[in-house]
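Protein sequence lines correspond, in order, to chains A and B.
FYI, in the working numbering the residues of the first sequence are 51 to 156.
FYI, in the working numbering the residues of the second sequence are -13 to 509.
C-beta atoms are modelled at their ideal positions from N, C-alpha and C, and glycine is treated no differently.
Keep in mind that this is a model prediction, so the values were computed, not measured.
Let me begin by presenting the structure, written as structure tokens, before commenting on it.
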Amino acid sequence: MPKVRFILHNGKEHTVTGDVGDSAMQTAVDNAVPGIIGDCGGNCSCATCHGYIDADWLDKLSPISEDEAAILEGAMHVESNSRLTCQVKLSEELDGIVIRLPISQV
Amino acid sequence: MTAASNVEPVSWDPYNPVYFKNPYPVFRRLREEAPLYYNAEHGFYAVSRYADCERAMRDKDSFSSARGAILEIIKANIQLPEAVFIFQDPPIHTAYRNMITRAMSPKRMNALEAQVRAFCAQCLDPLVGQDRFDFIADLGAKMPTRVISMLLGIPEEDQEAVRQSGDDRLRTEAGKPMEVSLEVNFEGNAYSEYIDWRMTHPSDDMMTELLQTEFKDPSGTIRKLTKDEILNLVNLIAGAGNETTNRLIGWTGKELAEHPDQRRDIIQNPALIPQTIEELLRYQTPGPAIGRTLTGDVELYDTKIPEGSIMMVLVGAGNRDERRFPDGDSFNIHREQRPHLGFGHGIHVCVGAVLARLEGRIALEETLKRFPEWHVDYDHAELAQTSTVRGWETLPVFVGSAPKKGAAKPVAVAPAPKPVEKVPDAPFEGTWKLTVKGPTGAENTVLVIENKNGAWSGTQTGQGTTSPLTDITVDNNKVSWINHITKPIKVKVHFSGEISGNNMTGKVKVGFIGSFSFTAVKQ
């Protein structure tokens, strides 16, 4: 089962384990990781699961869809490595992925 | 009472004023005794535990919104226009929702902060010095209306009428369901003339954007919205933006009066305000019950719920579920932060959540700056009678550390209108975008000027702070005022200008630093 290492804006870390096929957002919410809300339930329409993907992992993710790009364009604190974590589907290849969280999701 | 044998089975009637006043004891019983509840009289099922509410909100395929999300609307069984997307399923929902999601993005909404703050200041400054005010009449009913109207581009003089018509649509008689009609609730014809006018006078508001944007409609065709669709959308956004945030502001006034220790914690540390807003949304959810219709049979708690059944998702009950929120029936801004269902959840989650959070936060910040203490005047407070949105119709409060016994009549505080020979024509009154050509480049501020019975007041917002104005003078088209700014330095700023139509030009003297010129355009 792939592990995800979430690093909060204040530096605190939460390493959690999810199932292959689950999203990083769902894994965070299931494990009560603070700093991820996931209001829309993984439908790529609310920007409350925004995270920064560490460089080592960025290229391993599926490309950004048109919908995700539109949401990211309107989100706060966006960087070049920003993704919606509901669109990051866990796989064995992503075991150990590091996702940093923004100062706020709203 | 623990002996269940002689206790009536739990019953929840959404129209019973007792439950409306305080639904939480019955919500608790529903969660514990009837996690799948059926109300035979009104013909609906209800879930109340957090996990069940979350599942129902998330499972858009089994729990449909296509017949509406309000019990009365589902039962009215009317054909809703497609653009009323909150009451649609994908793909119809998706086509319209995506467009509004983009128009109300976090980036765009958070950019409104200075204006929201100026509107709050405009509502609250005139109250400073009074021994009472009303969280609804003086703030909740005004500020969100002005914000959403500004976004949409509804002229200021029509804003109150717009809010009132939205509120009236949701009003019910005590103990009775809301009356539903397609024309009154959804068509939005009140906005028709603005839309016609905006077609020929484009601006930077959302109405203009809706007129110009192309979208992929539910059939996959790329096109512009029709006028009817725009009417539906504007009607929806205006209604949603007024009523719900008003309720949030009312609950803020009520709960922070009831919990003075927590209010003092916030004054000591304003960084607690965002989590206070989340706790308010959890603890007193303005929209406590959300309806869905089953698209097929669903099995829950060993019961088969048949296709076509109405399911009320009691998010107001789920938000207090002990399984999710320890000690859920207590208000605690310091509790561990976890997502709640206050804005709903899933594809229909409130599209204006960012704006509501922003408005709630700034309303509280600006209230506490002026009124660190208040007490609710319960003799004169009243809950609004609606079956959809739960909150205060009027919430008068006494300002200060202790309720003033003798001052309990609300009429006593309405100031007698001052005898004024003639209220001057007020080209100065309104909102101005004012630019100072300062030593470090152009500085933009928002100037908001009011005239009440001849008395001038106003605020100016710049660099994220709002300050009240003093020494306002108006002599025909010549005006002057003083702004005591505190950032980046504490200094007295003296403006004097001349108005010509919707433009103003003049000089600004900044303490000992020097004089600069300014220009302003009326909004």
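Under the three-state reduction of DSSP, which class applies to B:Leu350: helix, strand or coil?
-> Locating residue 350 of chain B in the second sequence gives position 364, where the first residue counts as 1. It is helical.
Since B:Pro256 contacts B:Glu351 with CB under 8 Å, what's their CB separation in whole angstroms?
-> The residue given as residue 256 of chain B occupies position 270 in the second sequence. The residue given as residue 351 of chain B occupies position 365 in the second sequence. Rounded, the Cβ-Cβ distance is 6 Å, consistent with contact.
Could you check what DSSP says for B:Phe73 in three-state terms: helix, strand or coil?
-> Working through the second sequence from its first residue, we reach residue 73 of chain B at position 87. Helix, per DSSP.
Contact under 8 Å by Cβ, A:Gly124 with B:Pro92 = Position 74 of the first sequence, counted from the start, is the residue given in the question as residue 124 of chain A. Position 106 of the second sequence, counted from the start, is the residue given in the question as residue 92 of chain B. Cβ distance < 8 Å, so A:Gly124 and B:Pro92 count as in contact.
Measuring CB to CB, does B:His326 end up less than 8 Å from B:Arg278?
-> By one-based count along the second sequence, residue 326 of chain B stands at place 340. By one-based count along the second sequence, residue 278 of chain B stands at place 292. Result no, Cβ atoms of B:His326 and B:Arg278 do not sit closer than 8 Å.
B:His334 - DSSP class collapsed to helix/strand/coil = By one-based count along the second sequence, residue 334 of chain B stands at place 348. Of the three classes helix, strand and coil, the one that applies to B:His334 here is helix, per DSSP.
Might you give, ordered along the chain, the residues of its own chain that have their beta carbon closer than 7 Å to the beta carbon of B:Tyr10, omitting 5 neighbours on each side?
-> The residue you call residue 10 of chain B lines up with position 24 of the second sequence. Answer for B:Tyr10: Arg306, Asp315, listed in chain order.
Give the interface partners of B:Val335 over in chain A, defined as CB-CB distance under 7 Å, in chain order.
-> Residue numbering aside, residue 335 of chain B sits at position 349 when the second sequence is read from its first letter. For B:Val335, the chain A residues whose Cβ falls inside 7 Å of its Cβ are Asp89, Cys90, Cys96, in order along the chain.
Is B:Lys240 close to chain A, meaning its C-beta is less than 8 Å from at least one C-beta of that chain?
-> On the second sequence, residue 240 of chain B is found 254 positions in, with the first residue counted as 1. So, not an interface residue.
To which residues does DSSP link B:His361 through a beta bridge?
-> Taking the second sequence and counting its residues from 1, one reaches residue 361 of chain B at position 375. In the DSSP assignment, B:His361 forms a beta bridge with B:Phe384.
Is the stretch 106 to 121 of chain A touching the stretch 4 to 21 of chain B, taking contact as three or more C-beta pairs under 8 Å?
-> no
Mapping DSSP to helix, strand and coil, what is B:Arg184?
-> Counted from its first residue, the second sequence places residue 184 of chain B at position 198. Helix at B:Arg184.
Nearest to B:Asn430 by alpha carbon, out of B:Thr417, B:Thr447, B:Asp45?
-> Your numbering for residue 430 of chain B matches position 444 in the second sequence. Of the listed residues, the one whose Cα sits closest to B:Asn430 is B:Thr447.
Who are the Cβ neighbours of B:Ile485 in its own chain at under 7 Å, not counting the five residues just before and after it?
-> Stepping through the second sequence from its first residue, residue 485 of chain B is reached at position 499. Result list for B:Ile485: Pro413, Phe414, Asn463, Val465, in chain order.
With 16 other CB atoms within 10 Å as the buried threshold, where does B:His331 fall?
-> Looking up residue 331 of chain B in the second sequence gives position 345. Under this definition B:His331 is a buried residue.
Count the other CB atoms, across all protein chains shown, that sit within 10 Å of the CB of B:Ile134; report buried if there are 16 or more and exposed otherwise.
-> Reading the second sequence from its first residue, position 148 is the one you call residue 134 of chain B. Buried, because 16 or more other Cβ atoms sit within 10 Å of the Cβ of B:Ile134.
B:Gly206 CB to nearest chain A CB: under 8 Å?
-> Counting from one through the second sequence, the residue named residue 206 of chain B turns up at place 220. No, its Cβ sits nowhere closer than 8 Å to a Cβ of chain A.
Sequence-distant residues of the same chain with beta carbon closer than 7 Å to B:Gly126, five excluded per side | Position 140 of the second sequence, counting from 1, holds the residue named residue 126 of chain B. Around B:Gly126: Asn232, Ile235, Gly236.
When we look at the beta-carbon of A:Gly68 and count the other beta-carbons within 10 Å, is it buried (16 or more) or exposed?
-> Walking along the first sequence from the start, residue 68 of chain A turns up at place 18. Per the 10 Å Cβ criterion, buried.
Through-space distance from B:Tyr1 to B:His516, alpha-carbon basis | No answer is possible for residue 516 of chain B: the residues shown for chain B start at -13 and end at 509.
Residue interval of the beta strand (DSSP E) (run including B:Arg83) = The sequence position of residue 83 of chain B within the second sequence is 97, counting from 1. Not the beta strand (DSSP E): B:Arg83 falls in the alpha helix (DSSP H), residues 78 to 89.
Apply the 10 Å Cβ neighbour rule to B:Tyr517 and answer buried if 16 or more other Cβ atoms are within range, or exposed otherwise.
-> What the structure shows of chain B is the stretch from -13 to 509, and residue 517 of chain B is not part of that stretch, so it cannot be assessed.
CA-to-CA distance, B:Leu57 to A:Met51, given in whole angstroms | Along the first sequence, read from residue 1 onward, the residue named residue 51 of chain A stands at position 1. Along the second sequence, read from residue 1 onward, the residue named residue 57 of chain B stands at position 71. Approximately 43 Å between the Cα atoms of the pair.
Just tell me which of B:Phe121, B:Ala89, B:Met136 has its CA closest to the CA of B:Ala104.
-> As a first step, residue 104 of chain B must be located in the second sequence, where it is residue number 118. Nearest option by C-alpha distance: B:Met136.
Any Cβ of chain A within less than 8 Å of the Cβ of B:Ala55?
-> Working through the second sequence from its first residue, we reach residue 55 of chain B at position 69. Answer no: the Cβ-Cβ gap between B:Ala55 and chain A never drops below 8 Å.
What residues are listed by DSSP as bridge partners for B:Tyr24?
-> Position 38 of the second sequence holds residue 24 of chain B. Paired residue(s): B:Tyr31.
Check B:Trp467 in the structure and name its three-state DSSP category.
-> One-based indexing of the second sequence puts residue 467 of chain B at position 481. Looking at B:Trp467 - three-state DSSP - the assignment turns out to be strand.
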